[in-house]
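So the sequence shown is numbered by the UniProt record's numbering: it starts at 1 and just counts up by one.
Built from N, CA and C at the ideal position, the CB exists for glycine as well.
Note that this is a predicted model, so its numbers are computed, not measured.
In what follows, a single structure is set out as structure tokens and then discussed.
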Amino acid sequence: MLGEAKCLPDLPDRGVHYLLDEDHGVLSRVYAGQTTRGLVRLDAHKTKKEFWNKAIMFLDNDVNIDRDVLDSLEAKAIDYVREHGSYETDNGNTPAPRMNPYKEQRVEDLHGSILFRMRVLGYDLDRKETTPVAVNTVFHTKKNGVRATGRYNRDTGRFTVLSGSEVDLGYAVIKNQGAVAARRQLFAAQTGKVILADDVELSSPSSAAVFVLGGSQNGWIEWVNEQGQTLDYVYRSKEHMNE
């Protein structure tokens, strides 16, 4: 739908945007950034950041969002996702622009308005992982006949695939360098379905799912516990938190 959106008349050029990896209502990954070219900025992201399937943009003109405000708003948006939410993020370091003290309130007001609108759209960037879950809870996947188990570390965000798990090398990895590197290091020229001899720690649940299954996976819904609850439900669901 990006091509259609770019045909809308009189779209402003400046603002911040969020790239989202969403699967059946489950949000697993968020990237925040800025644009001075409106929707055209998304063309570059299509080729360089293939994880996302939805974009939300907040745009205005350069009168209301000058360069100082834009840089500071982007920094605040990135920092908020990294520090206050419970989603994986594709952002690296948070930028640290020089903030004009006379414009601080403007940035705060804009960011507060953005957070409110994101919540209205169903994306609560404040969401925390506060569900009491046993440290040694084991999750598994049986997708495509592949049987694998693992554990999630809430403190680090990393996921460990346990020894004895099956890894399907018959399906190539799509755009996940961590999974590619782990497969190359462990299995070299092997093919087909192999058994993992030792535990392997990956950077995220999705990297772990891709490592095991190949292709492109959303680990937050692929890994489930013995009750059939997804990793997302156990660690993120507000309904589960209130039980």
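For Tyr233, the uninterrupted alpha helix (DSSP H) segment begins and ends at Leu231 to Arg236. Shown here, Ala148 sits in a strand according to DSSP, grouped into three states. Going by DSSP, Leu2 is part of the alpha helix (DSSP H) stretching over Leu2 to Ala5. Within the same chain, and ignoring the five residues on either side of Ala75 in sequence, the residues whose Cβ sits closer than 7 Å to its Cβ are Thr94, Pro95, Ala96 and Pro97.
Of the candidates Asp71, Gln190 and Phe116, the residue whose Cα lies closest to the Cα of Lys103 is Asp71. Going by beta carbons, Gly192 and Ala208 fall outside the 8 Å limit. Of the candidates Lys143, Asp109 and Ala148, Asp109 places its Cα closest to the Cα of Asn64. Beta bridge pairing from DSSP links Ala55 with Leu19.
Scanning its chain for C-beta atoms nearer than 7 Å, with the 5 sequence neighbours on each side dropped, one finds around Asn136 the residues Arg151, in chain order. In the structure shown, the three-state DSSP call for Gln34 is strand. Check the Cα spacing between Asn144 and each of Pro12, Val200 and Glu222: the tightest is with Glu222.
The beta carbon of Gly178 sits closer than 7 Å to the beta carbons of Leu202, Ser203 and Ser207 from its chain, once the five residues preceding and following it are set aside; these are given in chain order.
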